[in-house]
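So the structure is just underneath, and the comments pick up after that.
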Amino acid sequence: MQEWFKMSASYPDDICIATVDDAAEVMFVRGLAYCRRARTGGFIPGAILHTLTRSPSKAKRTVAQLTRQAPDGSPGPWEVVEGGYRVRSWSTHNDAADELEERRRSDRERQRKRRARQETDTHTDTGKTGQSRDASRDKSRDVTDPEKEKREEAAAAATREPLPPPVEILRAALEAQKLLVRWDRLTQAQIDEIAHLIEVHGDAALVRSAVTQFRPNAPASFATAWLPAWRDLRRPVGHLAAVAEECPEPGHTGTVRHCIQCASEQKAAR
Numbered sequence: 010m011q012e013w014f015k016m017s018a019s020y021p022d023d024i025c026i027a028t029v030d031d032a033a034e035v036m037f038v039r040g041l042a043y044c045r046r047a048r049t050g051g052f053i054p055g056a057i058l059h060t061l062t063r064s065p066s067k068a069k070r071t072v073a074q075l076t077r078q079a080p081d082g083s084p085g086p087w088e089v090v091e092g093g094y095r096v097r098s099w100s101t102h103n104d105a106a107d108e109l110e111e112r113r114r115s116d117r118e119r120q121r122k123r124r125a126r127q128e129t130d131t132h133t134d135t136g137k138t139g140q141s142r143d144a145s146r147d148k149s150r151d152v153t154d155p156e157k158e159k160r161e162e163a164a165a166a167a168t169r170e171p172l173p174p175p176v177e178i179l180r181a182a183l184e185a186q187k188l189l190v191r192w193d194r195l196t197q198a199q200i201d202e203i204a205h206l207i208e209v210h211g212d213a214a215l216v217r218s219a220v221t222q223f224r225p226n227a228p229a230s231f232a233t234a235w236l237p238a239w240r241d242l243r244r245p246v247g248h249l250a251a252v253a254e255e256c257p258e259p260g261h262t263g264t265v266r267h268c269i270q271c272a273s274e275q276k277a278a279r
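In short: position in the sequence shown from 1, add 9, done, that's the working numbering.
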């Protein structure tokens with residue numbers, strides 16, 4: 010927005026200005042412009058004095074002309090104050106302009122807030138009227154959109170801690186069956202429990218259980234949904250702990266049943 014300030018059309022005839030040189034007159038006018046632009050109420054910091062003249066090296070000598078008494082004994086147009094200078098006539102012509110600008114600024118702020126409230130009220134009303142109509146459609150789209158589930162899983166994977174190798178292998182096996190859920194909400198106790206269930210029942214039994222639980226209209230969103238059924242699986246008769254055979258692939262450190270490198274390669278190949 011264009012800034013402006015007031016000054017008397019007869020200012021060149023004022024003896025305080027008529028008796029100074031052109032450099033001092035330029036500084037006087039630029040000083041008024043600065044006060045309006047920076048809204049200082051007529052105060053000019055000494056630190057910016059060099060910006061008010063075409064000859065910065067002579068700024069001190071130039072400003073001395075504006076602070077000295079005029080030949081008739083009247084004070085100069087500027088007075089020396091702490092930290093800089095003050096325009097003596099600022100309040101005569103420009104206080105009203107400052108007040109007007111402040112009122113305009115306040116009016117603009119009130120209008121902005123009123124528009125914001127109106128927009129909020131409109132959105133709220135629209136949301137209420139459309140809520141019942143859109144609720145079932147949105148819910149259906151949320152639970153049946155596989156791409157959305159994949160995006161959520163990818164976002165969760167970026168922030169969660171790595172799963173233990175046995176659980177990671179189980180997750181890969183479930184994803185191979187298109188059972189995509191989020192695993193980042195599992196507590197450490199639940200992760201340990203799943204690892205134990207894998208040891209007891211094996212991956213295949215847990216995957217079969219999850220496939221059996223699948224409901225097209227209400228698929229699981231989190232791995233915790235499968236836990237109750239996994240807990241109810243019957244313990245294999247004659248279950249004995251056996252020494253797992255090491256993975257035969259070169260450089261792999263897992264076992265035939267639980268090899269994180271194999272699981273990663275299978276996942277990358279899909």
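Glycine included, C-beta positions come from ideal geometry on N, C-alpha and C.
- Less than 7 angstroms divides the Cβ of G85 from the Cβ of T76.
- Rounded to whole angstroms, the gap between the alpha carbons of R39 and T101 is 18 angstroms.
- Beta-bridge annotation (DSSP): T264 is paired with E255.
- The straight-line gap separating the alpha-carbon atoms of R63 and R117 is approximately 37 angstroms.
- With a cutoff of 7 angstroms on beta-carbon distance, A219 and L179 are scored as not near each other.
- When DSSP states are grouped into helix, strand and coil, V29 belongs to the coil group.
- Note that the C-beta distance between T28 and A79 is below 7 angstroms.
- Judged by DSSP in its simplified three-state form, G51 adopts coil rather than helix or strand.
- The three-state reading of DSSP puts W87 in strand, counting E and B together.
- Here the alpha carbon of S17 sits roughly 13 angstroms from the alpha carbon of I24.
- By the Cβ neighbour-count rule, V90 is exposed, with fewer than 16 other Cβ atoms within 10 Å of its own.
- F231 is bridged by DSSP to R191.
- Annotation: the continuous alpha helix (DSSP H) that includes R217 extends over 212-222.
- For R244, no beta strand (DSSP E) encloses it, and the DSSP letter there is neither H nor E.
- Counting every other CB atom within 10 Å of its CB across the protein chains shown gives P225 a total below 16, marking it as exposed.
- Close CB contacts of A42 within its chain, under the 7 angstroms cut and outside five residues either way in sequence, are with F14 (chain order).
- The Cβ neighbour count for T60, taken over all protein chains shown within 10 Å, is under 16; the residue is labelled exposed.
- Counting of Cβ neighbours within 10 angstroms places P65 among the exposed residues, the total staying below 16.
- Spatial neighbours of R95 in its own chain (CB-CB distance under 6 angstroms, excluding positions within 5 residues in sequence) are listed in chain order as G51, F52, E88.
- When the five nearest sequence neighbours on each side are left out, the beta carbons in the same chain lying within less than 7 angstroms of the beta carbon of F37 are those of I26, L75, P86, in order along the chain.
- By the CB criterion at 7 angstroms, L242 and H210 fall inside the cutoff.
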